[in-house]
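Undergrad: Okay, handing you the structure first.
Protein chains in written order, with my numbering: chain A, 129 to 507; chain B, 11 to 305.
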């Protein structure tokens with residue numbers, strides 16, 4: 129045993145303590161959505177009693193109690209701040225998490241197990257927003273999300289187009305020449321196949337990209353690296369061996385930000401988008417001025433047509449004649465055997481051409497619903 | 011020179027051109043400039059901007075340094091590669107950097123446009139094979155005790171792995187002379203040109219090791235028909251952590267660039283005039299072939 133080994137162990141434990149504290153704060157933030165007053169004395173007493181009861185701890189009971197009182201006071205302070213809660217799928221450091229933070233800096237991003245949890249959380253009101261991936265330039269459409277979206281009543285209040293730059297991450301001090309294994313989500317491994325081959329690394333499947341980074345930071349296996357985003361490296365204190373290791377030059381994922389129709393969060397997002405659009409200018413000019421984050425006004429709709437020849441064509445023709453650029457057309461099953469079409473197009477809800485086209489399309493479709501008019505930010 | 015199956019010139023076939031990041035080596039004059047070693051981001055980026063301004067076509071800088079003494083600065087390693095990558099993004103100059111360890115070949119290949127194999131490693135056959143497998147362009151320096159034949163055989167190792175992107179670079183050989191660090195063997199340039207199709211460069215910085223000799227030897231190398239030069243330039247030579255006495259200041263390098271550009275243009279005129287007259291110099295290839303046969 130050496131002093132530096134012991135200190136390494138302590139650093140590892142600290143990393144876990146900070147991560148657990150953060151997770152505890154997140155849960156505390158969520159509890160606020162289920163109670164009226166911030167302070168619940170009965171609950172706090174119960175927590176203190178439970179901690180005291182399992183005090184197989186070297187520290188004095190008074191110390192543990194003091195520590196927990198401080199933690200709960202901080203939780204209350206966090207709850208009082210009224211942070212917006214934004215749900216994403218995966219673990220912290222995921223590309224969704226990075227997109228969420230870019231969309232609403234200062235919000236608390238909360239990890240959710242699967243997409244359904246995000247939709248439910250927003251619908252039930254304990255999350256203000258949810259962010260979900262809809263399409264990736266290499267992987268195509270995210271079918272699971274689209275099939276939930278088609279039957280959901282949530283509104284799209286924003287979109288983020290994020291470059292997915294995979295990085296090879298290792299523990300600080302790891303000699304890159306000794307790396308043999310790279311853990312990551314199978315899709316990320318597939319996207320970096322040639323890089324792995326060139327450097328003779330064995331790719332090992334893991335449930336999540338950021339999850340593999342967290343595992344590396346916590347378990348510290350030898351000769352091992354993880355493939356995840358730059359943000360995961362920052363979050364878990366890992367060193368970037370190489371950035372942009374995906375084989376294809378362009379790898380982007382587009383995310384939708386969802387809010388409950390008519391909720392305060394939805395209204396806020398729409399007002400903020402309006403203010404940005406007026407201040408910054410949107411559309412083609414913004415793209416051409418090579419500004420760092422071009423913003424596009426877009427609308428999304430879902431519709432279905434009668435099972436007859438030419439109905440889809442006639443409906444799409446409305447947009448063609450109005451000179452509206454369609455950016456995505458996708459079909460998704462809304463119940464077994466029946467398909468709905470997703471339509472994304474450029475323009476603002478208030479544009480005369482858009483209003484007219486939507487009215488005409490509504491007349492032609494058997495059902496037509498505008499999912500949202502929003503700003504799409506290209507990062 | 012019988013076993014030069016792949017490096018040797020073949021009747022009627024053209025000279026090789028190695029294309030790297032838009033630069034064609036083997037055509038015109040390519041100048042690789044930059045510090046001996048990457049010391050810091052500030053030092054490298056400032057040097058890169060200065061050499062680009064002066065007309066350099068590529069950037070050099072060592073991240074892994076093969077030093078005479080194990081106690082001397084060994085380079086920044088991976089960190090140095092990342093800094094080189096940043097300099098490329100800022101200046102657009104392709105990167106040339108040395109690889110000294112077989113385990114590093116693929117990683118250096120991830121960052122650099124050209125992998126350099128230094129004089130001390132010229133006959134490191136495992137390194138040559140690995141460099142060949144990497145498929146990246148290789149700048150192969152001439153070993154300080156090597157004959158032309160030994161040098162070309164080393165290129166043969168890389169070619170035998172299926173990698174034809176090789177540039178040869180003369181950097182001086184050991185002789186009894188001690189005034190200069192090495193003896194720059196410029197006669198090897200026209201000689202090698204007559205028996206190999208590979209592009210040929212000259213490194214007058216290591217070739218002389220004397221600051222005042224770099225400019226005249228660069229001019230001589232151009233006159234001898236080199237396809238390019240590799241020159242050490244440091245933003246502040248007096249503070250350099252290695253090769254302090256042979257790194258040019260950006261000003262001295264800019265002057266050198268002006269002179270070799272003018273010389274190259276003048277040489278072109280002279281050659282064109284002689285071509286018009288239809289007068290050819292003595293045939294080198296025939297003389298060498300005869301010598302080869304005599305052995």
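All C-beta atoms in this analysis are idealised placements derived from N, C-alpha and C, irrespective of residue type, glycine included.
(1) Short of 9 Å Cβ to Cβ, which residues in the stretch 310–343 of chain A face chain B?
(2) In three-state terms, what does DSSP make of residue 164 (chain A)?
(3) Can you tell me whether residue 163 (chain B) is helix, strand or coil according to DSSP?
(4) Where does residue 176 (chain B) land, buried or exposed, given buried means 16+ other C-beta within 10 angstroms?
(5) Any beta carbon of chain A sitting closer than 9 Å to that of residue 111 (chain B)?
(6) Quick one: using the 10 Å Cβ neighbour count with 16 as the cut-off for buried, is residue 378 (chain A) buried or exposed?
(7) In the DSSP output, which residue or residues are listed as bridge partners for residue 380 (chain A)?
(8) Compare the C-beta of residue 88 (chain B) against all C-beta atoms of chain C and say whether one is closer than 9 Å.
(9) DSSP on residue 141 (chain A), reduced to helix/strand/coil?
(10) Spell out a yes or no on whether the stretch 19–32 of chain B and the stretch 486–502 of chain A are touching, meaning 3 or more CB-CB pairs, one atom from each, closer than 8 Å.
(11) If contacts are defined as beta-carbon pairs under 8 Å, then residue 369 (chain A) and residue 443 (chain A) qualify, I think. What distance do you get, rounded to the angstrom?
(12) Taking only three categories from DSSP, how would you classify residue 84 (chain B)?
(13) With residue 110 (chain B) and residue 48 (chain B) assumed to form a contact (beta carbons below 8 Å), what rounded beta-carbon distance in angstroms separates them?
(14) DSSP three-state label for residue 49 (chain B), please.
(15) Take residue 256 (chain A) and list the residues in its own chain whose beta-carbon comes closer than 7 Å to its own, dropping the five residues that flank it on each side.
(16) Which residues, in order along the stretch 290–312 of chain A, keep a beta-carbon less than 7 Å from a beta-carbon of chain B?
(17) Does the contact criterion of 3 or more C-beta pairs under 8 Å hold for the stretch 58–73 of chain B versus the stretch 255–272 of chain B?
(18) For a contact meaning CB atoms closer than 7 Å, what does residue 370 (chain A) contact in chain B?
(19) Is there a C-beta anywhere in chain B that falls below 9 Å from the one on residue 259 (chain A)?
(20) Count the other CB atoms within 10 Å of the CB of residue 20 (chain B); is the residue buried (16 or more) or exposed (fewer)?
(21) List the residues of chain A that residue 195 (chain B) touches, going by C-beta distances under 7 Å, in chain order.
(22) For residue 81 (chain A), decide whether its Cβ has a neighbour in chain B, counting only Cβ atoms nearer than 9 Å.
(23) Quick check on DSSP: helix, strand or coil for residue 134 (chain A)?
(24) Of the residues A:305, A:295, A:334, which one's Cα is nearest the Cα of residue 320 (chain A)?
(25) Tell me which residue opens and which closes the beta strand (DSSP E) that residue 265 (chain B) is part of.
(26) How far does the beta strand (DSSP E) with residue 471 (chain A) in it extend, from its first residue to its last?
(27) Taking the Cβ atom as the reference point for each residue, do residue 196 (chain B) and residue 227 (chain B) lie within a distance shorter than 9 Å?
(28) Between which two residues does the alpha helix (DSSP H) containing residue 323 (chain A) stretch?
TA: Reading off the structure:
(1) Within the stretch 310–343 of chain A, 323, 326, 327, 328 place their CB atoms closer than 9 Å to a CB of chain B, listed in sequence order.
(2) Looking at residue 164 (chain A) - three-state DSSP - the assignment turns out to be coil, as it is neither helix nor strand.
(3) Under the three-state reduction of DSSP output, residue 163 (chain B) falls in the helix class.
(4) Buried: at least 16 other Cβ atoms inside 10 Å.
(5) When Cβ-Cβ separations below 9 Å define contact, residue 111 (chain B) makes contact with chain A.
(6) With fewer than 16 Cβ atoms within 10 Å of its Cβ, residue 378 (chain A) is classed as exposed.
(7) Note: residue 380 (chain A) sits in a beta bridge opposite A:291.
(8) In the displayed structure, chain C is absent; the protein chains listed are A and B.
(9) Correct three-state label for residue 141 (chain A): helix.
(10) As far as the Cβ criterion goes, the stretch 19–32 of chain B does not touch the stretch 486–502 of chain A, which means the pair count is below three.
(11) The C-beta separation of residue 369 (chain A) from residue 443 (chain A) comes to about 50 Å, leaving the pair out of contact by the 8 Å criterion.
(12) Here residue 84 (chain B) sits in coil by DSSP.
(13) 14 Å between Cβ atoms; not a contact.
(14) Correct three-state label for residue 49 (chain B): coil.
(15) The residues are 212, 213, 214, 387, 393.
(16) The residues in question are 304, 305.
(17) Enough Cβ pairs lie closer than 8 Å, so yes.
(18) Those are 120, listed as they occur along chain B.
(19) For residue 259 (chain A), the answer is no, since every Cβ of chain B falls outside 9 Å of its Cβ.
(20) That one is exposed.
(21) Within chain A, no C-beta atom comes nearer than 7 Å to that of residue 195 (chain B); the closest sits roughly 35 Å away.
(22) Because residue 81 (chain A) is not part of the residues shown, which for chain A are 129 to 507, the question remains open.
(23) Assigned with DSSP and collapsed to three states, residue 134 (chain A) falls in helix.
(24) Nearest Cα to residue 320 (chain A) within the set A:305, A:295, A:334: A:295.
(25) In the DSSP assignment, residue 265 (chain B) falls outside any beta strand (DSSP E) and lies within the alpha helix (DSSP H) extending over 260–287.
(26) Note, residue 471 (chain A): beta strand (DSSP E), 466–474.
(27) Yes, Cβ-Cβ distance for residue 196 (chain B) and residue 227 (chain B) is below 9 Å.
(28) 321–326 is the extent of the alpha helix (DSSP H) around residue 323 (chain A).
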